[in-house]
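For reference, the structure is listed below as structure tokens.
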């Protein structure tokens, strides 16, 4: 599903060069649920950005779903994001002026589906996340957990093969976090590949495979999660 | 505390220089456009003789065509016939009365080196000078006896006195006009009434005449008017006598009346006069005599040109656009600083404090905008001068006075405060905690 | 494509959008009416006077010598001017078209005091009048020299018995026949004195530029005056500016008991006549330009703000698959919607303002195409103004979406 080989990402400012990723290689099989942990500044977010086609790598090869995406132009990358990848952000990133329906609708609009198709999909995913009764509400009228469910619905609406979650429970209390995790697990059970960045060891543990990033590099052996938690 | 807000305001203006510049420029442009036109309207409509404007009355009697009013709708003619003018003058029913019309004369300097030159002149009667309170450098007007005896006396202005007599006291000396010798009775000092209220039938902002001489002389010399002459019926025959006795209107009568009672009495007198003329077969229209004081007459004659009123309307809309612009920009600014406001509220600022802070800031913007607006007004007036060319009126128009400058600043600050009101209200409604959480 | 959500977004955040829309609306009302006034003034200024404006000049001879023989002087003057090189013809008259001051008279088709009459400007000329003015005699004939007399104030002479009128005057006097059939018809002046129309000129304007019946003018065969004469001179093409000082000098020297003054070319007369209109046109053009500049700056400013405020949102959209053009389109479309509300409101305001001005200042009502043209212009201005900020928005990186603050 996802195959990164020797990926590097360098940020340059006038005086400093920062190597956010160094010769980073990772293979994720279709249907896996992978958690990525690591201390702050380790390159988790950069990995996520590159994996999600939000940023281009400086060097290396990245294949997504069997296709080399390293050299695609902006429009092609946008389309791939739209069709193949679902995003779940730590701070939900719902558009405050749009109600739940319109928020979930955003990626579908860019996909170019017809009205009926969009409506069908939106209602389906909102049902999946259990917010059918709130469809006309604005994000600000929902709790954090509910907002993240909307974000998940938005990620699912395009039926992506690959879900990228960035600290999906970072802004939630434990009860809400638990329900979001359950939701992710059930989605994974239906066959969607999930890569989840988190700093919470007990969440990371629930994934089938754990990856640890430090100094922009993947540490081969899965480290002792207790150590990671201590960092 | 005020100084603290002032400091915050200045800080905020400096922090967004482009935006603040845009707001100030918008206010300044709007104020500039408005004040330019207001200034013009103010000068055009200003009272040329404030201390006497409510005792001077312009006289109209309806001697016009039985079949048609002189001026729509049902207004009497704008001037008087010779018959009516002289009859009313001689009746002397008011404290003072003056009859006059505009003529041209050619002055021949005694010094044969100098070329003859043409002057704009006014044939008038003795009361002209005291009634209109004209300033004199030397001498004064002439006596009623000069009118009665048709004496060749003349009042000249400073410029003519300069040309003919090198600016000396010329009272008693002689001016030759069209072959006749006139004795100088006085030299006028600069007298520049705006508009030329005593003769609004011709150019509203025309030049004041250079030479004044008795009405009785110009009639004897058979001088017709160089201003407007209107007839609803041709004179009975050719020649001066027939013209004098015709129904053509060509002269203006002003009377001086103090208080409502005198005005009532004079109106009654006019009505009685009209009735007496009806008995002679004239004045076939219904009684329609009018007395208007200086400001009323200016209003009736539409001294402030339609174009200026149109421009004023457009300028007000222009200001509205500029203000809407400013409201939008201030609102955007407030929304952008919502976090800041929220934090201040959390730290204990009351709604009122936030309100005052933003209103002070808007006031500063308005004040700066107002000063720039004055500069813009000045530019605007220069532009108007460039567009309309030099003339007595334009030179008057492009002068700004303190009233206008203060009005510009006041208007600018008011405008900025008005523009800030809604955004500031929105700022006050921001909850102390609302944005902290989202951050 | 995504009008629905954009529209709903705008409704939820009304105030700033309402402000721009209102600004556009007022701008439109102002712009439309200013341009309507410009059009009206341009039309007024574009009307031909009917005379050969390029080659005509005029001046006054004002006598002050009580012993002057005025009639002999005029004859000598005209003779000298007509024989001067570079001159086509000359005539003594009382005024010129659009000179702001002249002689008016009422003509009527039936004698009597209680009869409808038509106003006309009057030019007293001799048989050289038609040629000097350069008017186009389209029917009938010119005056003959035997028809010209000096007006004698001491006599009981009547008004001259023949007249040449402008086609417009012929049509207002005799609305039921074509103007060439008016030749030979009788009209009445001073209520009862008959005059015969002997000629029709295509166009000849009266002396008052703002008179509503300015196209009504007549040439009357008579010489008038006692001390002062106005001469109108037509030069050969291209000689005008050269001969003016020559003529002034020649006449001033030929007789010392008068002043030659006020020479003006017809071009100057026209400039004077329409000075305030032409100033008004320039002024309004300036106002409209500044207005559009301010409105577009306002749009730029607010759009920039909106882009800054929504950076995160834009990044999110990009992350969710929006291409750069899609983001650009979003802001353009949003502006189009605001502008549409603005111009729709503006159309109503513009018509309302125009109705008020038509009523108060007798302006002409708006031409139908003004509203749609103004809408198009303002739509375009809006799109151009928002393009910069929208382009900036399209360059927001999708990686913004994963940034936490």
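Chains as they are written, first to last, in the working numbering: chain A, 1 to 231; chain B, 1 to 439; chain C, 1 to 405. Quick reminder that beta carbons are idealized off the backbone N, C-alpha and C, glycines included.
* To do: Using beta-carbon positions only, say whether residue 344 of chain C and residue 32 of chain C come within less than 8 Å of one another.
  => Walking along the third chain from the start, residue 344 of chain C turns up at place 344. Walking along the third chain from the start, residue 32 of chain C turns up at place 32. No, the pair does not count as a contact, with Cβ atoms beyond the cut-off.
* Secondary structure, beta strand (DSSP E): runs of 3+ residues fully inside the segment 171-257 of chain B -> Segments of the beta strand (DSSP E) lying fully in the segment 171-257 of chain B: 174-177, 180-188, 211-214, 249-256.
* List, in order along the chain, the chain A residues whose C-beta lies closer than 8 Å to that of residue 13 of chain C? -> Sequence index remark: in the third chain, residue 13 of chain C carries index 13 (1-based). What residue 13 of chain C touches in chain A, judged by beta-carbon distance under 8 Å, is 97, going in chain order.
* To do: May I have the straight-line CA-CA distance separating residue 438 of chain B from residue 339 of chain B, to the nearest angstrom?
  => As a working note, residue 438 of chain B is residue 438 in the second chain. As a working note, residue 339 of chain B is residue 339 in the second chain. Its pLDDT being 43, under 50, residue 438 of chain B is placed unreliably in this model, and the value from its coordinates should be taken loosely. Spanning the two alpha carbons is a distance of roughly 9 Å.
* To do: Give the C-beta separation of residue 172 of chain A and residue 205 of chain A to the nearest angstrom, bearing in mind that I take them to be a contact with Cβ-Cβ under 8 Å.
  => As a working note, residue 172 of chain A is residue 172 in the first chain. As a working note, residue 205 of chain A is residue 205 in the first chain. Here residue 172 of chain A is actually not in contact with residue 205 of chain A; their C-beta atoms are around 18 Å apart, not less than 8 Å.
* Got a sec: is the Cβ-Cβ distance from residue 118 of chain C to anything in chain B below 8 Å? -> Sequence index remark: in the third chain, residue 118 of chain C carries index 118 (1-based). Chain B, which has no Cβ nearer than 8 Å to the Cβ of residue 118 of chain C, makes this no.
* Asked: Got a sec: which bits of the segment 351-374 of chain C sit with their beta carbon under 8 Å from any beta carbon on chain A, in order along the chain?
  -> For the segment 351-374 of chain C, which is checked against every Cβ of chain A, not one residue is closer than 8 Å.
* To do: State yes or no: is the C-beta of residue 46 of chain C within less than 8 Å of the C-beta of residue 206 of chain C?
  => For the purposes of this step, residue 46 of chain C is identified with residue 46 of the third chain, where counting begins at 1. For the purposes of this step, residue 206 of chain C is identified with residue 206 of the third chain, where counting begins at 1. Taking 8 Å as the Cβ cut-off, residue 46 of chain C and residue 206 of chain C do not qualify as a contacting pair.
* residue 164 of chain B to residue 109 of chain B, Cα distance in whole Å? -> The residue labelled residue 164 of chain B in the question sits at position 164 within the second chain. The residue labelled residue 109 of chain B in the question sits at position 109 within the second chain. Distance from the CA of residue 164 of chain B to the CA of residue 109 of chain B, rounded to the nearest whole angstrom, comes to 6 Å.
* Could you give the DSSP three-state label for residue 382 of chain B: helix, strand or coil? => Locating residue 382 of chain B in the second chain gives position 382, where the first residue counts as 1. Residue state for residue 382 of chain B is assigned as helix, using DSSP reduced to three classes.
* Asked: Which residue comes first and which comes last in the beta strand (DSSP E) that contains residue 63 of chain A?
  -> The residue you call residue 63 of chain A lines up with position 63 of the first chain. According to the DSSP assignment, residue 63 of chain A belongs to the beta strand (DSSP E) that extends over 59-64.
* What does residue 228 of chain C pair with, by DSSP beta-bridge criteria? -> Translated into the one-based positions of the third chain, residue 228 of chain C becomes position 228. Paired residues: C:62.
* Asked: Quick one: what does DSSP say residue 437 of chain B is sitting in, helix, strand or coil?
  -> Taking the second chain and counting its residues from 1, the one referred to as residue 437 of chain B is at position 437. Reliability of the predicted coordinates at residue 437 of chain B is poor, the pLDDT of 45 falling under 50, and the value obtained from them is presented with this limitation in mind. Residue state, collapsed to three classes: helix.
* Could you pull the start and end residues of the alpha helix (DSSP H) that residue 107 of chain A belongs to? => Numbered from 1 along the first chain, position 107 holds the residue referred to as residue 107 of chain A. Here the alpha helix (DSSP H) through residue 107 of chain A covers 100-111.
* Rounded to whole angstroms, what's the CA-CA distance from residue 228 of chain A to residue 122 of chain A? Just pull it up for me. => Start at 1 with the first residue of the first chain, and residue 228 of chain A comes out as number 228. Start at 1 with the first residue of the first chain, and residue 122 of chain A comes out as number 122. In this predicted model, residue 228 of chain A has a pLDDT of only 45, less than 50, meaning its place in the structure is not dependable; the value taken from the coordinates is given anyway. Approximately 38 Å, taken between the alpha carbons.
* To do: Identify the contact partners of residue 104 of chain A in chain C, using a Cβ-Cβ distance below 9 Å as the criterion.
  => Here residue 104 of chain A is taken as the residue at index 104 of the first chain, counted from 1. Within chain C, no residue has its CB atom less than 9 Å from the CB of residue 104 of chain A, the nearest being about 10 Å off.
* Whose CA, out of B:137, B:146, B:174, B:120, lies closest to the CA of residue 111 of chain B? -> Counting from one through the second chain, the residue named residue 111 of chain B turns up at place 111. Ranking the options by Cα distance to residue 111 of chain B, first place goes to B:174.
* To do: Indicate whether residue 1 of chain A and residue 62 of chain A have their beta-carbon atoms separated by less than 8 Å.
  => By one-based count along the first chain, residue 1 of chain A stands at place 1. By one-based count along the first chain, residue 62 of chain A stands at place 62. No, they are not a contact pair.
* Proximity winner among B:360, B:257, B:321, B:278, relative to residue 18 of chain C (alpha-carbon distances) -> For the purposes of this step, residue 18 of chain C is taken as the residue at position 18 of the third chain. Out of B:360, B:257, B:321, B:278, B:321 has the C-alpha closest to the C-alpha of residue 18 of chain C.
* Could one say the Cβ of residue 438 of chain B lies closer than 8 Å to chain C's Cβ atoms, at least one of them? -> Along the second chain, read from residue 1 onward, the residue named residue 438 of chain B stands at position 438. Reliability of the predicted coordinates at residue 438 of chain B is poor, the pLDDT of 43 falling under 50, and the value obtained from them is presented with this limitation in mind. With 8 Å as the cut-off, residue 438 of chain B does not count as an interface residue toward chain C.
* Asked: Which residues bound the beta strand (DSSP E) around residue 166 of chain C?
  -> Counting from one through the third chain, the residue named residue 166 of chain C turns up at place 166. Residue range 162-166 is occupied by the beta strand (DSSP E) that includes residue 166 of chain C.
* To do: Compare the C-alpha of residue 37 of chain A against each of A:54, A:19, A:165, A:71 and name the closest.
  => Taking the first residue of the first chain as 1, we reach residue 37 of chain A at position 37. Of A:54, A:19, A:165, A:71, the residue nearest in Cα terms is A:165.
* **Unbroken beta strand (DSSP E) run spanning residue 157 of chain B, endpoints** => Position 157 of the second chain, counted from the first residue, corresponds to residue 157 of chain B. Residue 157 of chain B: member of the beta strand (DSSP E) spanning 153-157, first to last residue.
* residue 362 of chain B beta carbon less than 8 Å from that of residue 440 of chain B -> Outside the displayed range of chain B (1 to 439) lies residue 440 of chain B, so it cannot be described from this structure.
* Rounded C-alpha distance that separates residue 17 of chain A from residue 345 of chain B -> Taking the first chain and counting its residues from 1, the one referred to as residue 17 of chain A is at position 17. Taking the second chain and counting its residues from 1, the one referred to as residue 345 of chain B is at position 345. If you take the alpha carbons of residue 17 of chain A and residue 345 of chain B, they lie about 41 Å apart.
* So what's residue 85 of chain A in DSSP terms, helix, strand or just coil? -> Counting from one through the first chain, the residue named residue 85 of chain A turns up at place 85. Three-state result, residue 85 of chain A: strand.
* **C-alpha distance - residue 386 of chain C paired with residue 332 of chain C, whole-angstrom precision** => Position 386 of the third chain, counted from the start, is the residue given in the question as residue 386 of chain C. Position 332 of the third chain, counted from the start, is the residue given in the question as residue 332 of chain C. The straight-line gap from Cα to Cα measures roughly 7 Å.
* To do: Evaluate residue 223 of chain C with the Cβ neighbour count: other Cβ atoms within 10 Å of its Cβ, from every protein chain shown; 16 or more gives buried, anything less gives exposed.
  => Stepping through the third chain from its first residue, residue 223 of chain C is reached at position 223. Residue 223 of chain C should be labelled buried.
* Alpha carbon to alpha carbon, what distance is there between residue 307 of chain C and residue 394 of chain C? -> In the third chain, residue 394 of chain C corresponds to position 394, counting from 1. In the third chain, residue 307 of chain C corresponds to position 307, counting from 1. Between residue 394 of chain C and residue 307 of chain C, the C-alpha separation is close to 10 Å.
* How about residue 28 of chain A and residue 193 of chain A: are their beta carbons less than 8 Å apart? -> Along the first chain, one-based indexing puts residue 28 of chain A at 28. Along the first chain, one-based indexing puts residue 193 of chain A at 193. In this structure, residue 28 of chain A places its C-beta atom within 8 Å of the C-beta atom of residue 193 of chain A.
* Identify the residues that DSSP records as bridge partners of residue 419 of chain C: which are they? -> Here chain C covers residues 1 to 405 and nothing more, so residue 419 of chain C does not appear.
* Asked: Between residue 436 of chain B and residue 337 of chain B, what straight-line distance do the alpha-carbon atoms span, to the nearest angstrom?
  -> Against the second chain, residue 436 of chain B aligns to sequence position 436. Against the second chain, residue 337 of chain B aligns to sequence position 337. With a pLDDT of 45 at residue 436 of chain B, under the threshold of 50, the modelled position of this residue cannot be trusted; read the value that follows with caution. Residue 337 of chain B has its alpha-carbon roughly 12 Å from the corresponding atom of residue 436 of chain B.
* When you check each C-beta in the segment 390-403 of chain C against every C-beta of chain A, which residues fall closer than 9 Å? -> Taken in chain order, the members of the segment 390-403 of chain C whose beta-carbon sits within less than 9 Å of a beta-carbon on chain A are 397, 398, 399, 400, 401, 402, 403.
* Roughly how many angstroms separate the alpha carbons of residue 37 of chain C and residue 363 of chain C, rounded to a whole number? -> To locate residue 37 of chain C, count along the third chain from 1; it is residue 37. To locate residue 363 of chain C, count along the third chain from 1; it is residue 363. Going by C-alpha positions, residue 37 of chain C is about 8 Å away from residue 363 of chain C.
* Measure the C-alpha to C-alpha separation of residue 174 of chain C and residue 287 of chain B and round it to an integer number of angstroms. => Position 174 of the third chain, counted from the start, is the residue given in the question as residue 174 of chain C. Position 287 of the second chain, counted from the start, is the residue given in the question as residue 287 of chain B. Those two C-alpha atoms are separated by around 36 Å.
* Thinking just about the alpha-carbon of each residue, which of C:199, C:191, C:204, C:67 is nearest to the one in residue 181 of chain C? -> Sequence index remark: in the third chain, residue 181 of chain C carries index 181 (1-based). Put simply, of C:199, C:191, C:204, C:67 the residue whose alpha carbon is nearest the alpha carbon of residue 181 of chain C is C:199.
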